[in-house]
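Notes to accompany the following structure.
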Amino acid sequence: MKSYIIPQFKVDRDDHRCIRCEVCVRQCANDVHWYDEEEDEVYTSEDKCVGCLRCVTLCPTSALVVRENPTQVPTNANWTREVLTNIYRQAETGGVLLTGMGCDKDYRNYWDHITLDASQVTNPSIDPLREPMELRTYLGAKPDELDTGGRKSKPSLETSISPQLRMETPIMFSAISYGAISYNTCECLARAAAEVGTYYNTGEGGLHRDLYQYGEHTICQVASGRFGVHADYLEVAAALEIKIGQGAKPGIGGHLPGEKVSAEISRTRMIPEGTDALSPAPHHDIYSIEDLAQLIYALKEATHWEKPVSVKIAAVHNSAAIASGMVRAGADIIALDGIRGGTGAAPTMIRDNVGIPVELALAAVDDRLREEGIRNHASVVIAGGIRSSADVVKAIALGADAVYIGTAALVALGCHVCQKCYTGRCNWGIATQDPDLTRRLNPDVGTRRLVNLLTGWSHEIMEILGGMGINAIESLRGNRLRLRGVGLTREELDILGIKHAGA
Amino acid sequence: MLRGVRFRDDKDFSGCSIFGMMNASGMRFTGAPMLTAIANMKERSNGLGGGFATYGIYPQYADLYCFHMMYSDEAGKSDCEEFLAANFSIEQAEIIPTSPCEGVGEAPLLWRYFLQPRENPAPACEIQDLDDFVVQAVMHINAVIDGAFAFSSGKNMGVFKGVGFPEDIGRFFRLDEYEGYIWVAHGRFPTNTQAWWGGAHPFNILDWSVVHNGEISSYGINQRHLEMYGYTCTLFTDTEVIAYAVDLLVRRHGLSIEDMASVLAAPLWTDIDRMPPREKELHTALRQTYGSLLLNGPFSVIVSNLSQMIGLTDRIRLRPLVAGRNGDWMYLSSEEAPMHLVDDTLKDTWIPSGGEPIVFQVEDAVAVAQGEEMLSGVAPGG
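Protein chains in written order, with my numbering: chain A, 37 to 539; chain B, 14 to 395.
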């Protein structure tokens, strides 16, 4: 069937610069470029281009430019090129539209409408280059009060504190499963988390045996498919996370196509090689809040009450009430994943239309837990579209204990957010299992890039804290007085619990 | 102007002078040296707020709660008295005596009540613990009853404060006629020109009084955390937050003064990591549990109760505090000079480290607080 889809990209090659080295030909797993020896000419098939810019980045003579295809569909506010493309694609395949990464729609990004405070005159700002600046964070349930054994002169602690995750910077790597991403990518995340003193999350794909050595910095996920969940897996983790939902696809389970299920993945996930790994939409042992409590306590019991248990949900309309129930069901950590949260594969319509921005969910959850007097019974971690240290600072001031970053971490490894993770042909060697592609990501280099990113962000957080006259991250957490909204409506300000700038 | 027409700032911003003086034997002395000392730090205040707290002044009513009230008008007074009568048996009600004083403008109606909580109060409050009941009552008056403001609610102690330089406020309230064994004073330099009587310091809840010089950058989260434990912050001042935090930590959660100080001005993680195991475990737990009560940003503070006067600065010591001791006489001050001005034989003075609490303890505190041991005398500078 002839495809009516207008290619999204146009590839321009500067023939004066091109030296026919064929780097682009070898680098493109989508076969956009090919070399004709007889004519000594490099040709392109633009309809195959996904815009990942691998060829542009590696071209030694900068001969390539990839840009949006300037061809216009007839101007129409409703029937845009994207809409037409989707319809043509479905008319040609009869399938569900798939996509990767987080929602790319223009829903208001609240981080960009919030500004931060700084100290002037009445209190001094603090110079983080000369003064201590503390980012250490503990995740887990905190008691309402401490029993220090009365007023005895000797220090003593009578209250036993629930298991805690100690992190040196309030940033963790989000759940991304082995299967969705390559082994090398998993290794980079694990080693970087260990080096920085934070955590990465396995996602729902189990944990490769060779990565058990980083268990102290690993949060092992238990999702509805229970892929790769066994005693050793639970035992090796620093914490466990029950995945109820994902911001990119609230209400549905994970999809890993059979082509990505290699021998190693089959062993790790405990499923036959080449079979689709389809997680059920719900956990079939959790149809209600009391069922969640049972699973939380089953996991705690199975791990001798030594590990905090997190519960991750997609940010949806009633997140506040749901989160409150989760805390009462025994969750030590609440993870909220917003509408901009990433994925390796999701139906486009779900990704782009289900869920709410995590900023609003966070504010509502933090408020609700405080109103109910149980905010300290669980830590709150958010995920879904954190792009910079400034976003991290704003999230913590709104009420988060820490953040998960997924997309930002993959971008550090080379991802250009082309949103084609589900094809398994990631030219950057990240979201693929093709051995020719996965070896493009060198674990030593990747680890260094991730460590650099977290180090840079941590320094920036310290600078911002110092400017606010704060030298410990806990004095920022939930300190919404240090935030102001710009260009937000009264209702948005009320939900976020912040004042408008100037007020 | 009682509760004042507030500007819409997040809270009050102010610089200040603080001075505390105590006799460790519980000997009571008049407020005269306090006026001398605080007047010596005039540069640190700007006439928009001054006040005093003093302990041991009502020995004849030592077992009754004493509420000092400000009323903007008779209506506020009658509403409040109706509430008080429903929840307390009022043993004594009287006007707080004052003298006209240059520099002190129009004052609200100032009354004091000696109260005993009723066994069957009105249903608005539930009695679980008498102190909690009194806290609830104060919160109710200050948040709900229009035109009424409770600014002192302890036993055998009282707060006197208003708009003016502190030495003028002291003369206005005739503090040379009161005898207490602990005195603290505060002179205020608010940056928002709004001046209102209730917003002057000290801040008091039950027996706790706080005078404070600083600007707490963690105010937002301190306040939200305290709200979770039932404290409503009505004054938008750091001092109020500190007082509630101390009340929560020491009275309700039973922490020692040292542990309380370790919450408000927490040791750095690098120091905690080097502590012996048991101490490390305790301090780690304190920061994990009470991190939202860490006071960040510059402050020096004097916290007092019936038996103690405690000085504390923030952990990197961004505001001044000097301590002094001369026999039974104990001093805490923003500056050293006023201590020598009132006590010219004082030699032992020192500057505490950041986050290090200075605890001055009254000997035989229970008897002194109950008014059983009544010593009066002339203080240095008196």
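C-beta: ideal position from N, C-alpha, C; glycine also.
Report the three-state DSSP secondary structure of residue i (helix, strand or coil).
{"i": "B:Gly28", "result": "strand"}
{"i": "A:Tyr248", "result": "helix"}
{"i": "A:Leu372", "result": "strand"}
{"i": "A:Leu519", "result": "strand"}
{"i": "B:His214", "result": "coil"}
{"i": "A:Cys91", "result": "helix"}
{"i": "B:Trp209", "result": "coil"}
{"i": "B:Pro370", "result": "coil"}
{"i": "A:Asp480", "result": "helix"}
{"i": "A:Asn112", "result": "coil"}
{"i": "A:His319", "result": "coil"}
{"i": "A:Val297", "result": "coil"}
{"i": "B:Glu192", "result": "strand"}
Does the CB of residue i have a neighbour CB from chain A at under 8 Å?
{"i": "B:Gly368", "result": "no"}
{"i": "B:Glu294", "result": "yes"}
{"i": "B:Leu219", "result": "no"}
{"i": "B:Pro311", "result": "yes"}
{"i": "B:His266", "result": "yes"}
{"i": "B:Asp377", "result": "no"}
{"i": "B:Thr326", "result": "no"}
{"i": "B:Ile70", "result": "no"}
{"i": "B:Asp272", "result": "yes"}
{"i": "B:Ile329", "result": "yes"}
{"i": "B:Ser269", "result": "yes"}
{"i": "B:Gly384", "result": "no"}
For residue i, go through chain B and note every residue whose CB falls closer than 8 Å to its CB, in chain order.
{"i": "A:Gly514", "result": "Gly233, Ile234, Arg237, His238, Ser305"}
{"i": "A:Leu193", "result": "Arg291, Glu294, Leu295, Ala298"}
{"i": "A:Leu94", "result": "Neighbours of A:Leu94 on chain B: none; closest Cβ ~44 Å, over 8 Å."}
Counting only Cβ pairs nearer than 7 Å, list the residues of chain B close to residue i.
{"i": "A:Pro179", "result": "Thr302"}
{"i": "A:Met504", "result": "Ser230"}
{"i": "A:Ser155", "result": "Ser230"}
{"i": "A:Pro160", "result": "Pro311, Leu331"}
Cβ closer than 8 Å: which chain A residues qualify as neighbours of residue i?
{"i": "B:Thr250", "result": "Those do not exist, as B:Thr250 stays about 13 Å from chain A at its closest Cβ, beyond 8 Å."}
{"i": "B:Met241", "result": "Arg406, Gly409, Arg411, Asn412"}
Distance cutoff 8 Å, beta carbons only. Does residue i sit that close to anything in chain B?
{"i": "A:Ala508", "result": "yes"}
{"i": "A:Gln200", "result": "yes"}
{"i": "A:Thr184", "result": "yes"}
{"i": "A:Pro110", "result": "no"}
{"i": "A:Arg520", "result": "no"}
{"i": "A:Tyr333", "result": "no"}
{"i": "A:Ile197", "result": "yes"}
{"i": "A:Ser511", "result": "yes"}
What residues match up with residue i in a beta bridge as DSSP calls it?
{"i": "A:Gly289", "result": "A:Gly289 pairs with nothing; no bridge assigned."}
{"i": "B:Arg338", "result": "B:Met343, B:Asp361"}
{"i": "A:Trp147", "result": "Its beta-bridge partners do not exist; DSSP assigns none."}
{"i": "A:Gln257", "result": "A:Glu277"}
{"i": "B:His81", "result": "B:Arg125, B:Ser165"}
{"i": "B:Gln321", "result": "B:Gln374"}
{"i": "A:Asp48", "result": "A:Val101"}
Check for me: the beta strand (DSSP E) holding residue i runs from which residue to which?
{"i": "B:His296", "result": "Element bounds for B:His296: not the beta strand (DSSP E) but the alpha helix (DSSP H), 290-303."}
{"i": "B:Met40", "result": "40-43"}
{"i": "A:Asp472", "result": "It is not in any beta strand (DSSP E) - A:Asp472 instead sits in the alpha helix (DSSP H) that spans 471-474."}
{"i": "A:Arg262", "result": "Note, A:Arg262: premise wrong, no beta strand (DSSP E); not H, not E."}
{"i": "B:Ser222", "result": "221-227"}
{"i": "A:Leu201", "result": "201-203"}
Following a CB-centred definition, is residue i positioned closer than 7 Å to any heavy atom of the ligand NAD?
{"i": "A:Ala275", "result": "Inclusion of the ligand NAD in the displayed structure is not the case, the ligand content being empty and no account of it being possible."}
Along the alpha helix (DSSP H) that carries residue i, what are the first and last residues, could you check?
{"i": "A:Leu398", "result": "394-407"}
{"i": "B:Trp282", "result": "282-286"}
{"i": "B:Ile103", "result": "Segment 101-108 is the beta strand (DSSP E) holding B:Ile103; no alpha helix (DSSP H) there."}
{"i": "A:Leu434", "result": "425-434"}
{"i": "A:Ser360", "result": "355-364"}
{"i": "A:Ala228", "result": "219-232"}
{"i": "B:Asp145", "result": "143-157"}
So which residues of chain A does residue i contact, with C-beta pairs closer than 9 Å?
{"i": "B:Thr283", "result": "Pro168, Glu170"}
Run down chain E in chain order and give the residues with a C-beta less than 7 Å from the C-beta of residue i.
{"i": "A:Leu152", "result": "Absent here is chain E; the protein component of the structure consists of chains A and B."}
In chain B, which residues lie less than 9 Å from residue i when you measure between Cβ atoms?
{"i": "A:Tyr174", "result": "Thr297, Arg300, Gln301, Gly304"}
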